[in-house]
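One structure below.
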Amino acid sequence: MEYTQLGRTGLKVSRLVLGTMNFGPQTDEADSHAIMDAALDAGINFFDTANVYGWGENKGRTEEIIGNWFAKSAAHRDKVVLATKVYGNMAADGEAWPNHDKLSALNIRRAVDASLKRLQTGHIDVYQFHHVDRRTPFEEIWQAIDVLVQQGKILYVGSSNFPGYKIAQANEIAARRGGTIGLVSEQCLYNLAERRAEMEVIPAAQEYGLGVIPWSPLHGGLLGGVIKKEVEGGRRASGRAADALANTTMRAQIQAYEDLLDKHGVEPGEAALAWLLTRPGVTGPIVGPRTAEQLESAIRAAELELSDELLAGLDEVFPGPGPSPEAFAW
13 MEYTQLGRTG LKVSRLVLGT MNFGPQTDEA DSHAIMDAAL DAGINFFDTA NVYGWGENKG
73 RTEEIIGNWF AKSAAHRDKV VLATKVYGNM AADGEAWPNH DKLSALNIRR AVDASLKRLQ
133 TGHIDVYQFH HVDRRTPFEE IWQAIDVLVQ QGKILYVGSS NFPGYKIAQA NEIAARRGGT
193 IGLVSEQCLY NLAERRAEME VIPAAQEYGL GVIPWSPLHG GLLGGVIKKE VEGGRRASGR
253 AADALANTTM RAQIQAYEDL LDKHGVEPGE AALAWLLTRP GVTGPIVGPR TAEQLESAIR
313 AAELELSDEL LAGLDEVFPG PGPSPEAFAW
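The end of the sequence shown is residue 342 by the numbering used here, with every number in the run present.
Next comes the structure, spelled out in structure tokens:
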């Protein structure tokens, strides 16, 4: 496993990030623990979660599963760079009491303590804002974060689903305050089929020294050989992939993608992950395996080298928007 610095920090993280969103809803605790064991054995040291994972009445369950795994061995927590998130409404019935969601100083303080308890740990390595909060000023957010850093409860702060201008705003205000490191990472939707992040988000992240952590690298399964699976096994696409394939233009694009990779003898899902690892500014994509076999496929992708010919072919099938501002101006 290769490692890299997380943005401008001294923190070394694996180039694959273990996503845990399926732990609880789709993967039971025993299998989740087995996947984390296998990830650590493969050298993956960067684990990502969120306080809302588990969903519905089981919000927080994913953090609990991770916490129980940490409790099995001190070596687990010692080796893992742990990232979780704050923003979402944690009420089981979906109706948040005032100040029980978003990024007020009060909710950040409450949420971090609750996450620490579920995770059975004394600190969170990367505490991430799961979404922008349009009502709370960054001066308030950074003041709350500074206190948590001083208390030793968190070390670094990242963002998720932030537009480029919010990355800039957050870090400019952090710089004016002094003594605040600001955002060090950004999780964004980024993959071959969804490249809009290249216009503003990734350039902003690079300018301010944030590591980019793409989520949904297979675009909800669309880039994982979905048409081939339909033909060979009768397994029909669902969710985002099914919606995309209902569009005849997109279906033709995915067919061209799968044909190209078949020509080069490369598995679609592994190629999609390997492509992200070639992209400027990318720290590592989040892989969210439901099974040990899916994790093994992701690990193979980290070792896969794509030829220049194949990379050029992928750009032809999925052309990016081009650099900003030229993508929308002269």
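Idealized CB from N, CA, C, for every residue including glycine.
Check	Outcome
Under a three-way DSSP split, which group does T295 fall into?	coil
Considering only the alpha carbon of each residue, which of T261, T260, W287 and R248 lies closest to L273?	W287
Among all the DSSP beta bridges, which residues are the ones paired with S26?	Y15
Mind pulling the beta strand (DSSP E) runs of 3 or more residues that sit fully within the region 13–98?	15–17, 24–26, 29–31, 58–60 and 93–98
Is it the case that the Cβ atoms of S171 and F141 are separated by a distance below 7 angstroms?	yes
Please classify Q38 as buried or exposed, where buried requires at least 16 other C-beta atoms within 10 Å of its C-beta.	exposed
Please say whether M33 and G296 have beta carbons closer to each other than 7 angstroms?	no
Please classify V169 as buried or exposed, where buried requires at least 16 other C-beta atoms within 10 Å of its C-beta.	buried
Tell me the residue span of the beta strand (DSSP E) that contains L167.	I166 to S172
CB V29 to CB N57, shorter than 7 angstroms?	no
Rounded C-beta distance between Y220 and L195? I'm assuming under 8 angstroms.	7 angstroms
One question on the structure: do V224 and I214 come within less than 7 angstroms of each other, judged by their Cβ atoms?	yes
How would you write the range of the beta strand (DSSP E) that V224 sits in, first residue to last?	G223 to W227
List the residues that DSSP assigns as beta-bridge partners of Q181.	DSSP lists no partner for Q181.
Taking the straight line between their C-alpha atoms, what separation do you get for I193 and E321?	41 angstroms
Where do the N-terminal and C-terminal ends of the alpha helix (DSSP H) with D271 fall, by residue?	T260 to H276
Provide the residue span of the beta strand (DSSP E) that contains V138, from first to last.	I136 to F141
Can you tell me where the beta strand (DSSP E) with E198 in it begins and where it stops?	L195 to L201
Measuring CB atoms only, is the region 78–87 touching the region 251–259, in the sense that at least three cross pairs come out at less than 8 angstroms?	no
Under DSSP, the alpha helix (DSSP H) around F340 begins and ends at which residues?	Run containing F340: none; DSSP gives neither H nor E here.
Need the endpoints of the alpha helix (DSSP H) that G281 sits in, please.	P280 to L289
With L222 and G55 assumed to form a contact (beta carbons below 8 angstroms), what rounded beta-carbon distance in angstroms separates them?	At roughly 23 angstroms, the Cβ-Cβ gap does not stay under 8 angstroms, so L222 and G55 are not in contact.
Are the CB atoms of L167 and D145 nearer to each other than 7 angstroms?	no
Within this structure, are the beta carbons of H231 and A205 separated by less than 7 angstroms?	yes
Using a 10 Å radius around the Cβ and a threshold of 16 neighbouring Cβ atoms, would you call V243 buried or exposed?	exposed
Sorted by chain position, which residues of the same chain lie with C-beta nearer than 7 angstroms to E270's C-beta, five sequence neighbours on each side aside?	G237, I239, K240 and P280
Looking at the unbroken alpha helix (DSSP H) that takes in D344, where does it start and where does it end?	The first residue shown for the chain is 13 and the last is 342, placing residue 344 beyond what the model contains.
How would you call P12, buried or exposed, if buried means at least 16 neighbouring beta carbons within 10 angstroms?	Given a span of 13 to 342 for the chain in the structure shown, any question on residue 12 remains unanswerable.
Leaving aside the five residues before and after L318 along the sequence, list all residues of the same chain whose C-beta is less than 7 angstroms from its C-beta, in chain order.	A283, A286, W287 and T290
Here's the rule: buried if 16 or more other CB atoms are within 10 angstroms of the residue's CB, otherwise exposed. What is K178?	buried
For E206, which beta-bridge partners are listed by DSSP?	N203
On the DSSP letters alone, give me the boundaries of the alpha helix (DSSP H) that W154 sits inside.	F150 to Q162
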